[in-house]
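Worksheet: the structure to be examined is printed underneath.
Number of protein chains: 2
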Amino acid sequence: MKLTILGCHSATPRTNTNPTSQVLEIKNHTFLIDCGEGTQVELRRNKIKFVRIKHIFISHLHGDHCFGLVGLISTFRLLTREADLHIYAPKGLKEVITLQMKLSDSWTNYKLIFHELTSTSSELIFEDEKVEVYTIPLDHRIYTNGFLFKEKEGERKLDMNAVLNADIDVAYYRKLKQGFDVKDNKGNLVSNKSVTKPPNTPKRYAFCSDTAYNEAMLPVINNVDVLYHEATFLEKNAVLAHPTKHCTAKQAARIAKQANAGTLILGHYSTRYDDINMFKEEAEVIFENVELARDGKVFEF
Amino acid sequence: MKLTILGCHSATPRTNTNPTSQVLEIKNHTFLIDCGEGTQVELRRNKIKFVRIKHIFISHLHGDHCFGLVGLISTFRLLTREADLHIYAPKGLKEVITLQMKLSDSWTNYKLIFHELTSTSSELIFEDEKVEVYTIPLDHRIYTNGFLFKEKEGERKLDMNAVLNADIDVAYYRKLKQGFDVKDNKGNLVSNKSVTKPPNTPKRYAFCSDTAYNEAMLPVINNVDVLYHEATFLEKNAVLAHPTKHCTAKQAARIAKQANAGTLILGHYSTRYDDINMFKEEAEVIFENVELARDGKVFEF
Numbered sequence: 157m158k159l160t161i162l163g164c165h166s167a168t169p170r171t172n173t174n175p176t177s178q179v180l181e182i183k184n185h186t187f188l189i190d191c192g193e194g195t196q197v198e199l200r201r202n203k204i205k206f207v208r209i210k211h212i213f214i215s216h217l218h219g220d221h222c223f224g225l226v227g228l229i230s231t232f233r234l235l236t237r238e239a240d241l242h243i244y245a246p247k248g249l250k251e252v253i254t255l256q257m258k259l260s261d262s263w264t265n266y267k268l269i270f271h272e273l274t275s276t277s278s279e280l281i282f283e284d285e286k287v288e289v290y291t292i293p294l295d296h297r298i299y300t301n302g303f304l305f306k307e308k309e310g311e312r313k314l315d316m317n318a319v320l321n322a323d324i325d326v327a328y329y330r331k332l333k334q335g336f337d338v339k340d341n342k343g344n345l346v347s348n349k350s351v352t353k354p355p356n357t358p359k360r361y362a363f364c365s366d367t368a369y370n371e372a373m374l375p376v377i378n379n380v381d382v383l384y385h386e387a388t389f390l391e392k393n394a395v396l397a398h399p400t401k402h403c404t405a406k407q408a409a410r411i412a413k414q415a416n417a418g419t420l421i422l423g424h425y426s427t428r429y430d431d432i433n434m435f436k437e438e439a440e441v442i443f444e445n446v447e448l449a450r451d452g453k454v455f456e457f
Numbered sequence: 157m158k159l160t161i162l163g164c165h166s167a168t169p170r171t172n173t174n175p176t177s178q179v180l181e182i183k184n185h186t187f188l189i190d191c192g193e194g195t196q197v198e199l200r201r202n203k204i205k206f207v208r209i210k211h212i213f214i215s216h217l218h219g220d221h222c223f224g225l226v227g228l229i230s231t232f233r234l235l236t237r238e239a240d241l242h243i244y245a246p247k248g249l250k251e252v253i254t255l256q257m258k259l260s261d262s263w264t265n266y267k268l269i270f271h272e273l274t275s276t277s278s279e280l281i282f283e284d285e286k287v288e289v290y291t292i293p294l295d296h297r298i299y300t301n302g303f304l305f306k307e308k309e310g311e312r313k314l315d316m317n318a319v320l321n322a323d324i325d326v327a328y329y330r331k332l333k334q335g336f337d338v339k340d341n342k343g344n345l346v347s348n349k350s351v352t353k354p355p356n357t358p359k360r361y362a363f364c365s366d367t368a369y370n371e372a373m374l375p376v377i378n379n380v381d382v383l384y385h386e387a388t389f390l391e392k393n394a395v396l397a398h399p400t401k402h403c404t405a406k407q408a409a410r411i412a413k414q415a416n417a418g419t420l421i422l423g424h425y426s427t428r429y430d431d432i433n434m435f436k437e438e439a440e441v442i443f444e445n446v447e448l449a450r451d452g453k454v455f456e457f
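Protein chains in written order, with our numbering: chain A, 157 to 457; chain B, 157 to 457.
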């Protein structure tokens, strides 16, 4: 997986920071997650090919997570896009976008498919042979979901030395990758495990923004490899976190620790902080493996 | 008047060019004209104080002229704005903005006053003691207005040497500025013209984007000091201008010439052109005094 942070600040776009948006490249998909104002410019700046984006996941309808979407949809149209575009978002966004297109008499020449989310339980919203995406219900001022991106278990890998020694016909290789025992050229049964290796461990990435401290998400993100969790405030401003239903860096670290996450990436910083290194320092007291999101930063895992 | 170009390209925001938006400072007003995506960032970059913006004029509901508005309205809220905000825009924008605020449960704590435009004739939409603003009906794919900003005739200026020589009481200065004859301290009538000078000639600025070649606007913009007129294409691509209801640089120059404008500022360039100097060259064949809008450029007149 490759995660490109397009924007990781809260509230409002500024000359040097962008609101929330990120791109997850996973198993030949290019998923766009949230789409604050300016996202299309950041996609260009980070050289993400527009045509590769076929699925957009919107956490909630606060402007710093979705005000860039209508412009991106329009730009896709101007670029004469033909591929379907799927948008997974809280109910309501379809109505806004449709109204904006109607008023500007600018209908897309590609198929725009809205998947309107309303469930308050985690649900599977996308699946193909290699990837699943689940919602992660969050606790924010309005209806909000995080998203869990899961690679599916891959095929077993052939141990080519062992396969050749065992004298197995090429026609059986596919069965071997699928985990079956097969027969060698003399008709003897060959156990799968003797000639194959286990597949790569499937990875999981959880995006959790925006939310109050919310242990209810733990069962969904348990043992996740990488957790992006909002940390809008530092503990010294904890009094602001509660009423706005945001977290401090320390709270994000507590979630990461309880979830037994591999890595915690912090983001959604309030623009009141000039030095975001303090978020890392605060979180590391609780949880060891902390990274800071920064606009334009790429994580590979 | 001081005109700051925040964005002057058509269609879509890019890493180095912005869609339409400009700020006109006139008689202590800071008018924002159009508000494409990214306008709030360009306001910051150009050090325009948000709090000074009390009137926003939107020409039409194509995204490159209005998709930045909802974000700006939200940012005003986050900055705890209290002053009223007046928005002059085609009917429909109020519905979109209201729906977006409803869905994000983010109502403004200041008064947001929409003036919905529907007239296809030029109309007075703003007036105070010093300034008038009129619509300029344009010919585009959807309902579109340009805007004419007019300074009102100011007060006469005191010729202080003459005033002192004429021995006129200070209490009469106000009357003199208003053009009245007054009496000197001996009771003799003093003619206004003998002790005052004429006011500065009031200036007029016309913003005309987007539009097809449209002579119908000429009566409204006749003798305007500065005309901003869209020039989306060069003549070599004139075939694209007609169906999209845009103009070429040459057509913009023909309008400026017939209107007897003082200066023509070109803008709304299609992003297909790397060298916008060709727009100036093409227009100057028809009209002498041509300027090119560029993002961040300031015109004072």
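No residue lacks a Cβ here, since even glycine has one placed at the ideal position from N, Cα and C.
Can you list, in chain order, the residues of its chain with a C-beta nearer than 6 angstroms to that of residue i? Leave out the 5 residues immediately preceding and following it.
| i | result |
| --- | --- |
| residue 213 (chain B) | 189, 244 and 303 |
| residue 347 (chain A) | 337 |
| residue 177 (chain B) | 162, 163, 190, 191, 192 and 195 |
| residue 340 (chain A) | 322, 323, 324 and 346 |
| residue 158 (chain A) | 181 and 456 |
Buried or exposed: which applies to residue i, given that a residue is buried once 16 or more other Cβ atoms fall within 10 Å of its Cβ?
| i | result |
| --- | --- |
| residue 306 (chain B) | buried |
| residue 386 (chain A) | buried |
| residue 301 (chain B) | buried |
| residue 211 (chain A) | buried |
| residue 280 (chain A) | exposed |
| residue 407 (chain B) | buried |
| residue 373 (chain A) | buried |
| residue 275 (chain B) | exposed |
| residue 204 (chain B) | buried |
| residue 370 (chain B) | buried |
| residue 437 (chain B) | exposed |
| residue 334 (chain A) | exposed |
| residue 271 (chain A) | exposed |
| residue 227 (chain B) | buried |
| residue 140 (chain B) | Outside the modelled stretch of chain B, which goes from 157 to 457, sits residue 140 (chain B), for which no answer is possible. |
| residue 166 (chain A) | buried |
| residue 253 (chain B) | buried |
Who are the neighbours of residue i on chain B, taking C-beta pairs under 8 angstroms?
| i | result |
| --- | --- |
| residue 200 (chain A) | 170 and 171 |
Using a cut-off of 9 angstroms between C-beta atoms, extract the partners of residue i located in chain A.
| i | result |
| --- | --- |
| residue 251 (chain B) | 255 and 259 |
In chain order, what residues of the same chain have a beta carbon less than 7 angstroms from the beta carbon of residue i, not counting five sequence neighbours either side?
| i | result |
| --- | --- |
| residue 331 (chain B) | 338 |
| residue 443 (chain B) | 409, 412, 413 and 420 |
| residue 262 (chain B) | 230 and 233 |
| residue 292 (chain B) | 278, 301, 302, 303, 304, 362, 364, 373, 376 and 377 |
| residue 217 (chain B) | 246, 248, 249 and 298 |
Cβ closer than 7 angstroms: which chain B residues qualify as neighbours of residue i?
| i | result |
| --- | --- |
| residue 231 (chain A) | 168 |
| residue 248 (chain A) | 259 |
| residue 234 (chain A) | 167 and 168 |
Find the residues of chain A that neighbour residue i, judging by a C-beta separation of less than 8 angstroms, and give them in chain order.
| i | result |
| --- | --- |
| residue 226 (chain B) | 219 and 223 |
| residue 262 (chain B) | 218 and 219 |
Might you give, ordered along the chain, the residues of its own chain that have their beta carbon closer than 8 angstroms to the beta carbon of residue i, omitting 5 neighbours on each side?
| i | result |
| --- | --- |
| residue 287 (chain A) | 182, 183, 185, 305, 306, 307 and 308 |
| residue 355 (chain A) | 309, 310, 311, 312 and 313 |
| residue 391 (chain A) | 404, 405, 406 and 438 |
Any heavy atom of the ligand ZN closer than 7 angstroms to the beta-carbon of residue i?
| i | result |
| --- | --- |
| residue 376 (chain A) | Inclusion of the ligand ZN in the displayed structure is not the case, the ligand content being empty and no account of it being possible. |
Query raised in the report: Which runs of the beta strand (DSSP E) spanning at least 3 residues fall entirely within the stretch 301-344 of chain B, listed in chain order?
Result: Correct list: 301-307.
Query - Near-chain A residues of the stretch 287-321 of chain B (beta-carbon distance less than 8 angstroms), N- to C-terminal order - result: So the list reads 297 and 298, given in the order they occur along the chain.
Requested in this report: Would you list, in chain order, the members of the stretch 174-208 of chain A that have their beta-carbon closer than 7 angstroms to a beta-carbon of chain B?
Outcome: Flagged, chain order: 193, 194, 196, 197, 200 and 201.
Query - Complete runs of the beta strand (DSSP E) confined to the stretch 191-250 of chain A [at least 3 residues] - result: As far as the stretch 191-250 of chain A is concerned, its whole beta strand (DSSP E) runs of at least 3 residues are 209-213 and 241-246.
**Report entry** Continuous beta strand (DSSP E) assignments of at least 3 residues falling wholly in the stretch 362-410 of chain A
**Finding:** You should have 382-386.
Report task. Could you pull out every unbroken alpha helix (DSSP H) segment of at least 4 residues lying fully inside the stretch 417-445 of chain A, listed in chain order? Result -> 433-440, all fully within the stretch 417-445 of chain A.
Query raised in the report: Could you give the uninterrupted runs of the beta strand (DSSP E) lying entirely in the stretch 257-291 of chain B, keeping only those of 3 residues or more?
Result: Whole beta strand (DSSP E) segments, 3+ residues: 268-273 and 280-283.
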